[in-house]
Ligand SMILES: *Cc1c(COP(=O)(O)O)cnc(C)c1O
């Protein structure tokens with residue numbers, strides 16, 4: 111059976127060209143970038159070329175790019191690093207629909223004496239810039255609002271939030287893991303001071319990412335040791351990973367517009383056709399969303415069961431968010447945009463990639479309505495719903 115991968119926001123395949131560029135750094139070019147001999151210099155040059163390639167996509171200086179082990183570390187570092195450096199200031203502002211890498215870091219900081227305002231979002235998942243402005247206090251040291259949501263794809267108004275942060279003299283961090291190489295991420299247009307990215311979300315390798323840190327931003331390192339990354343992130347550089355991150359950034363940014371156009375066309379048709387299924391709806395904003403994201407709910411079904419049914423048919427998609435889909439609690443994002451528990455349970459996230467085709471969408475559109483129908487036949491909620499509608503007509 112041919113397999114169809116529609117879960118690119120969980121992770122993406124490694125681009126062949128990226129892999130080819132990485133290969134020598136696992137074997138012949140194995141040097142430590144800190145060594146003074148030729149092996150070391152070769153590795154050092156590869157690391158710096160990776161930094162330049164990432165900086166170009168962010169429109170920043172190479173020395174404002176700091177490599178990390180991925181998006182989670184970059185998010186942790188931005189929040190904890192600034193917290194440790196902002197003595198006396200105690201207050202953080204974030205949104206209630208952030209990735210767990212931000213939310214759980216905030217909860218950890220709360221346990222350690224910090225105070226966090228979790229801003230609400232509207233039905234599309236938008237944070238209101240006015241809410242950010244109203245939440246700022248004298249002791250606020252950081253605002254962290256994601257660029258694009260990993261579940262429902264909503265693109266947040268971060269330029270405006272960044273403008274407010276600057277006016278108020280508060281640092282602004284944005285989790286750009288889902289947006290980088292999918293929509294423009296010029297850090298100067300976005301008004302961010304810190305920006306997290308992760309290679310495996312845009313056809314690069316897993317275990318490598320970066321935090322953009324605007325020159326003049328004061329934060330503490332989390333890892334101490336040999337003083338790598340100009341003393342800000344110790345640990346021998348992941349040279350093949352950095353080469354992969356750099357290559358994926360360059361390729362991704364070159365292809366971005368073309369890929370987005372193609373994915374939007376496939377996605378919009380998928381949405382149009384899927385919404386013909388009875389009692390279904392699209393979550394997130396119809397237009398201000400990532401080009402590759404479609405997020406649906408189908409009443410009376412369990413998202414987990416739908417994922418397994420689709421998997422049997424060779425289709426890989428997800429429900430809730432990848433990290434929480436093993437738990438029974440429905441996604442915090444779906445609850446925050448106002449869905450009821452039982453509605454949130456019936457969710458399906460489709461995230462396309464550059465390799466998906468119209469034929470694959472045709473297959474999906476043939477399989478999906480059948481599987482939804484099948485699950486509804488079996489639904490334990492069915493009787494409940496019938497009962498409640500019966501009651502309401504009494
Ligand atoms: C995947 C993801 C992360 C975590 O990145 P890792 O590199 O997997 O640690 C953080 N934030 C968002 C929005 C993500 O989608």
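In my numbering, the protein residues as written are 111 to 504.
The C-beta atom is built at its ideal place from N, Cα and C for all residues, glycine as well.
Asked	Found
Can you check whether the CB of residue 354 is closer than 8 Å to the CB of residue 315?	yes
Pull up the distance between the alpha-carbon of residue 489 and that of residue 447, whole angstroms please.	24 Å
Is the closest heavy atom of ligand 1 to the C-beta of residue 308 under 7 Å?	yes
Relative to the C-alpha of residue 398, which residue among 194, 217, 236 is closest?	236
Smallest Cα separation from residue 119: which of 445, 480, 263?	263
Taking the CB atoms as reference points, tell me whether residue 152 and residue 133 lie closer together than 8 Å.	no
Grab me the residues of residue 186's own chain with a C-beta within less than 6 Å of its C-beta, minus the 5 sequence neighbours each way, in chain order.	215
Runs of 4 residues minimum, wholly inside the segment 136 to 192: which ones carry the alpha helix (DSSP H) assignment?	148 to 168
Need the endpoints of the alpha helix (DSSP H) that residue 448 sits in, please.	No alpha helix (DSSP H) holds residue 448; DSSP gives it neither H nor E.
Going by the DSSP bridge assignment, what does residue 75 pair with across the sheet?	The structure shown does not extend to residue 75, since the chain is modelled only from 111 through 504, so no value can be given for it.
Please go through the same chain and pick out, in chain order, the residues whose beta-carbon is closer than 7 Å to the beta-carbon of residue 505, but skip the five residues on each side of it.	This structure gives no information on residue 505, because the portion of the chain shown stretches from 111 to 504.
When DSSP labels each residue in this structure, what does residue 371 get in the three-state scheme?	helix
Can you give me the start and stop residues for the beta strand (DSSP E) that residue 458 sits inside?	457 to 461
Can residue 182 be considered in contact with ligand 1, in the sense that its beta carbon sits closer than 7 Å to one or more heavy atoms?	yes
Just reading off the alpha helix (DSSP H) that residue 473 is part of, what are its end residues?	468 to 488
What are the residues that DSSP puts in a beta bridge with residue 306?	285, 321
I need the DSSP call for residue 312, collapsed to helix, strand or coil.	helix
Below 7 Å CB to CB, which residues in the same chain sit around residue 381 once its five sequence neighbours on both sides are set aside?	392, 404
With distances taken between CB atoms, is the gap from residue 209 to residue 142 smaller than 8 Å?	no
Taking only the alpha-carbon atoms, compute the straight-line gap between residue 357 and residue 487 and give it to the nearest angstrom.	48 Å
Note down the Cα distance separating residue 443 from residue 370, rounded to an integer number of angstroms.	24 Å
Using the rule of at least 16 other Cβ atoms within 10 Å of the residue's Cβ for burial, across every protein chain shown, is residue 126 buried or exposed?	exposed
Just how far apart, CA to CA, sit residue 472 and residue 373?	14 Å
Exposed or buried, which one is residue 377 when buried takes at least 16 other CB atoms within 10 Å?	buried
Quick one: what does DSSP say residue 505 is sitting in, helix, strand or coil?	Residue 505 lies beyond the residue range present for the chain, which begins at 111 and ends at 504; the question has no answer from this structure.
Taking 8 Å as the threshold, find out whether the segment 273 to 285 comes into contact with the segment 223 to 235 through three or more Cβ pairs.	no
Going straight from the alpha carbon of residue 459 to that of residue 131, what length do you get?	32 Å
For residue 454, collect the residues of the same chain with a Cβ closer than 8 Å to its Cβ; drop the 5 residues on either side in sequence, then sort them by chain order.	407, 430, 440, 441, 444, 445
Could you pull out every residue in the same chain whose Cβ sits closer than 6 Å to the Cβ of residue 162, ignoring the five residues on either side in sequence?	172
For residue 295, does the count of other Cβ atoms within 10 angstroms reach 16, so buried, or fall short, so exposed?	buried
So, with DSSP's three-state summary, where would you put residue 244?	helix
Do residue 258 and residue 400 come within 8 Å of each other at the CB atom, strictly closer than that value?	yes
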